[in-house]
Each structure stands twice: as C-alpha cells, then as structure tokens.
Amino acid sequence: MKEFEPLPQPDHLCWLLSQAPCQIQLGAQTRGPHRRWWACRQVPNPVAMGGNSGQPGIHTCKSLAEDGPFGSVEPPKRSTGSLVLHSMAMFGREFCYAVEAAYVTPVLLSVGLPKRLYSVVWLLSPILGFLLQPVVGSASDHCRARWGRRRPYILTLGIMMLLGMALYLNGDTVTSALIADPRRKLIWAIAITMIGVVLFDFAADFIDGPIKAYLFDVCSHQDKERGLHYHALFTGLGGALGYILGATDWAHLKLGRMLGTEFQVMFFFSALVLTLSFIIHLCSIPEAPLRDVAKDIPPQQGPQDLPLSLDKMYEYGSIEKVKNGYINPEMALQGEKNKNAAEQTRRTMTLKSLLRALVSMPPHYRYLCISHLIGWTAFLSNMLFFTDFMGQIVYHGDPYSAHNSTEFLIYQRGVEVGCWGLCINSMFSSLYSYFQKFLVSYVGLKGLYFTGYLLFGLGTGFIGLFPNVYSTLVLCASFGVMSSTLYTVPFNLIAEYHREEQKQRQQAPGGDLDSRGRGQGLDCAALTCMVQLAQILVGGGLGFLVNIAGSVVVVVITASAVALIGCCFVVLFVRYVD
C-alpha cells in the first residue's frame, strides 16, 4: 500500500505564522484520506495585556479534520521493536500456559485430588471469568490512574498469575514442610493446589482483553494489524518453548537435582520468563492516562488562555489532543462534556447495565462474538483431550491399567508424543502468524477467517477418521493455523469496527457513541468472554459425550463438525469492513 509523506508539523507552522501581527489561517492539503487543515492564530495573554508580565502572546493550534472540527489525531507510528516488546506479554503468558498444560494433571494427581472435584477445578475459573470480564473491561475504559488505563490491570493480573503458579507448583512442598499431620496435610495441599490452578487460569484467561485493549489504545490502525500479528507470533513461540520445557526430563539433570523436583524447576523458569516478559511489555509503549481536559484549569483563566502540561492533555488512549503545551478552548469544553458522560457512566455501571450493554451491542459485534465462541469451542474440544487421544486411540494404551503394566507405559509414550504434537502446533502458529500479514492483502480478513476454520475442521476430521502417528503429527499444523486465526482475525475486526465508528463520530461531532457504556475495553472483554464460555461448554459437555460414546474419538469428530459449522457462520453472518 502506498504510503503518504507526512505533513509539515503544525507546531512549526504555528510558530512561524505567530510572528505575524494578525490572525493568519493556513491551508495544507494532500490528496486522499489523510487531508488535514491546520488553523493557527495568535491569542494575547491576558496577564501580559494587563502589564503584569512581559510574556509574549500564547499560540494555540488546533487540527480541523476533514470530517469534523474535532477529528481524532492518529497515534504516532510505532516501530517494529516497540511492537515486538509489546508482544512479550503474550510470549510469557503462553509459556506459562504450556507449562500448566503439561504439569497440572500430574500435580493434581500427586496431591490426591478426588475425581469428583476435577470438574470444579476446570469450570470455576471460566465461570468467574465469564461473569467478571465485562465488568473489569468496562472499568478499564474509565480508569483514570496516572499510569494509564490498561497497564494497572495487566500488572495486577500478572501478579495473580505468578501467585497462582507458586501455589499449584509448590503447594504440596510447602504444606509438607509446615504440617506434620497426614490428614491435615492432605486437605491443605488439595485446597492450596486447587486455589492456585483456579487463580492462574482466571488471571491468564482474563489478561488477554486488557493486553489487546492496550495495543488498540496506543497504536494507529496499521500498527494495530502489525501488533496483532506479532502477538500471535510470540504466542506460538512461547507455547512451543513451554511445551519443550515440560517435555524435558529434569529429574536426571543437575539443575533438577539442585532445585529439588521437576515442579520447582518449572516454577523457576516460568516465574523468570513471566516476570521479565511483563516488565518488558509494560515498559514497551507509553500509555497516556485518561484525564479530564478542563480539570486543572484555574477558574480565573479566560477561555482563550488554557495552558496544560503534557502529562494532562490526553483523552481516549494515547492520542495527543494538545500541541505546544496549550489546549484549544473548544476542546476543553468537549473534554468537560466527556468527563460528565464518563462520570454518569461510572455511577450507573452495574452488572445489570453491563449485560444490557452487551445484549444491545450492534449485530455485527454479536455475530463476531458468536463466531469466536464457535471457533474456541472447536479448538478447545480438540486441544484439551489431544494427548489423551494420542495415548488411547493412536497408541492403543490404557490409562486405567496398573502403572507398571505395558499398556500404561504405551499410554504414557502416546501422551509424550502428543506433547510434541502440541509443540508443532505452537511453532506452526508462529510461522503462519508471520505470513498472515502478506496473505491478508490477497484474501482479506474474510479469507483468513474462513481458511483457519476450514483447515482445522478438515485436519481434525482426518485425524479422527484415520488415526496414525505420523499423519496426526503432520496435521497438527492445522491446529496452529486455527490458533493464529483466533488470536488475530477477530481482534482485527474489532479494530475495523471501532475505526468505522470513529469516522461516524467525526461526521456527527454531537453524537456520543461511548455514552452507552461500550468502549474498546468492554468489546475486547466481551470477545474474550467467549473463550471462558467455550471452556464451560467443553468442560460440561464433552465428558458426557465421551461417557456415552465410550471413546475419545468422539471429541475429535465433534471438534471437526463444530469448526465446519463455523466456516459457514463466518462467511454468512460476520460483517467485514470494506
């Protein structure tokens, strides 16, 4: 796509024209959608006019967008390095996710968790996330912390992930050291491990929404697309390294013997990677706080003399609304209006009103959420049972036989090979994410969305109908295509929808689309909620199907059927912006 040369900086134009004794208006125009007019004028300083100071007049500069007098200013172009650093949160999150997938079942078995509590462990976290995601997403839309709107939530959830890992990987060791009574030790070990698993899953699922909203706030439209591709790329890399770490036999290595058990080795690497990744992510791109434009204006100042420091001149996200340290008086009035609307939204923002906002969202948002739910239901149906499928169906092992029997050892070998299949999935997800940005110019978002669902549906169908070790490992690449698609295309569409709404607001400056309680944080949270809802459906329904069918094959066939239904849905119902 042809890039336009940047226009002359309005600050410099204002300074040059301010030397003229009268008001001068400059028209700067380029062809295409990037056309802007810049109006510069010299405003006398009331204090200087009164003779109390010799300061020169104050120069204000405002951007008059083509679509309206208060058009939004695009955030600056972000470098590739900044977007890569911003993606490190997804790397650390997926690394820890992979470690949990490899070790959470052995941990739960080692502490003696009763089978009747398994469903509680797997369902409690997605239920909590489904209920609380929209609340926190909406709260972040109106957060006025000095550090920004999204980063305080990302930091809190990152600490919760770290605490959850510490509990479920070290709970048994800590209780054994502190409690001598075997019965009490068993109860406390089970309780601490369950709390750790639920806390980690809740925070890890929850954090995706604020990370995506943070990216949308601080990036231009083109950088949003690039950022989402880098997010998917590092998600795959983190998952691949996490699965490799989990597949390594640390018991026979010096580091494993030094730290104690494999669980302590996993915690050491996971905590290190998660901490470094989130520190890099939080320092990658500055996020401007959501501040009231007219909050710090002294009452004695006139409407034409509104100095404002650089840390207080932002509205939504990191978009600069003020140039040269001063703000346009009309913009101050607009900021006051936005302040009142935001305060009213916060006063009335209850769970009931949030549900009403979600239900009353535009149809294209609702259809996108449904398609995301279908995709994640298909994906999780396959992924959560894949290693068990490899052990029982592909390798013909038996997980219920004696642990020293040949059948059980064959099953364990199948599970190990299944972990390498998941590693192939993660690596191909990274590779496909890199090529997505080239493919989108040829097939568009609609083509990418359809292709991801189709390849996954066909791949899982062949695996279920013709189980074979080598063909199954090759077809694991289709899992990576689906994973990359789910992490990029829906959020790209959210960005397209918001860009379209922003243009509509510019054409009708009196309208206030955000007054209904919806913002980028809430929309990203609603989309992420579909992941939790899919977990609830998979956790509550697939076990019932397996008991009826008597074989894990039904899980893979179900995933294939749901994905092929999703192919039709994304073509017929999801709306794509031209």
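Residue numbering for the sequence shown follows our numbering, beginning at 9 and increasing consecutively. Think of the CB as a built atom: it goes at the ideal place given N, C-alpha and C, for glycine as much as any other residue. Being a predicted model, the structure only gives us computed values, none of them experimental.
Residue i (DSSP reduced to helix, strand or coil)
| i | result |
| --- | --- |
| T256 | coil |
| L261 | coil |
| A188 | coil |
| E270 | helix |
| G426 | helix |
| I162 | helix |
| P371 | helix |
| W46 | At W46 the pLDDT is 33, less than 50, meaning the model places this residue with poor confidence; the figure from the coordinates comes in the next sentence. Residue state, collapsed to three classes: strand. |
| S87 | coil |
| C575 | helix |
| G65 | Low confidence applies here, because G65 scores a pLDDT of 42, under 50, leaving its location unreliable; read the following figure in that light. G65 falls in the coil class under three-state DSSP. |
| N412 | coil |
| G647 | Not covered by the structure: residue 647. The range shown for the chain is 9 to 586. |
| N587 | Shown here, the chain extends from 9 to 586; a query on residue 587 therefore has no answer. |
| E108 | helix |
| F474 | coil |
| V546 | helix |
| H150 | coil |
Same chain, Cβ closer than 8 Å to residue i, neighbours up to 5 away in sequence not counted
| i | result |
| --- | --- |
| F470 | S479 and L483 |
| R354 | Its pLDDT being 44, under 50, R354 is placed unreliably in this model, and the coordinates cannot settle the point. |
| G574 | S379, I382, G383, A386, Y461 and G465 |
| G452 | Y584 |
| F581 | Y375, I378 and S379 |
| C291 | L93 |
| V112 | Y176 and V205 |
| N476 | V402 |
Exposure label - residue i; buried when at least 16 CB within 10 Å
| i | result |
| --- | --- |
| F277 | buried |
| G399 | buried |
| R265 | exposed |
| T493 | buried |
| W258 | buried |
| S148 | buried |
| E587 | In this structure the chain extends from 9 to 586, so residue 587 is not present and cannot be described. |
| W130 | buried |
| V367 | exposed |
| N390 | buried |
| D531 | buried |
| V128 | exposed |
| L403 | Note that residue 403 corresponds to Tyr in the displayed sequence, not to Leu. Flag for Y403 reads buried. |
| I293 | buried |
| G549 | exposed |
| E508 | exposed |
| D189 | exposed |
Other residues of its chain near residue i: CB distance less than 7 Å, five sequence neighbours each side excluded
| i | result |
| --- | --- |
| P160 | C151 and A153 |
| G472 | V561, V564, I565 and S568 |
| G120 | L194 and I198 |
| G392 | Note on residue identity: the sequence assigns Leu, not Gly, to residue 392. The residues are V546. |
Proximity test, Cβ basis, 8 Å: residue i and chain C
| i | result |
| --- | --- |
| A106 | The chain inventory of the structure shown lacks chain C, comprising one protein chain alone. |
Beta-carbon separation (whole angstroms), residue i vs residue j, contact threshold 8 Å
| i | j | result |
| --- | --- | --- |
| F438 | L241 | In the sequence as displayed, the identity of residue 438 is Ser instead of Phe. Confirmed, Cβ separation roughly 5 Å. |
| Q141 | T414 | Contact doesn't hold; Cβ gap of about 46 Å is too wide. |
| C104 | L245 | About 13 Å separates the two Cβ atoms, so there is no contact after all. |
| I198 | L175 | No, I198 and L175 are not in contact; Cβ-Cβ is about 12 Å, not under 8 Å. |
| T201 | L116 | 7 Å |
Proximity winner among the options, relative to residue i (alpha-carbon distances)
| i | options | result |
| --- | --- | --- |
| R583 | N476, A542, V497 and C532 | V497 |
| V564 | T468, P122 and V448 | T468 |
| L93 | Y176, D189, F286 and L267 | F286 |
| K232 | D216, R374 and K85 | K85 |
| Q444 | N500, L530 and V128 | N500 |
| P297 | R158, V128, R513 and L580 | R158 |
| L577 | Y375, M369 and L177 | According to the sequence shown, residue 577 is Phe rather than Leu. Cα-wise, what sits closest to F577 is Y375. |
| M98 | F214, G472 and P122 | F214 |
| R101 | T183, W155 and Y251 | Y251 |
| A279 | T183, S441 and L170 | L170 |
| T88 | Y419, V182 and L236 | L236 |
| A211 | V425, R191, I418 and F138 | F138 |
| I162 | V144, G179, M173 and G172 | V144 |
| H229 | Q515, L121, Q510 and L530 | Q510 |
| D225 | Y450, G156 and V425 | G156 |
| G179 | T269, L392, T256 and A221 | T269 |
Residues of its chain near residue i, where Cβ-Cβ distance is below 6 Å and the 5 sequence neighbours each way are ignored
| i | result |
| --- | --- |
| P134 | Q540, Q543 and I544 |
| E504 | V585 |
| A248 | C431, S434 and M435 |
| F271 | L177 |
| S95 | Y238, H239 and F242 |
| L165 | A211, F214 and I215 |
| G405 | G399, E415, I418, Y419 and G422 |
| S486 | L463, F464 and G467 |
| A571 | A386, Y461, F464 and G465 |
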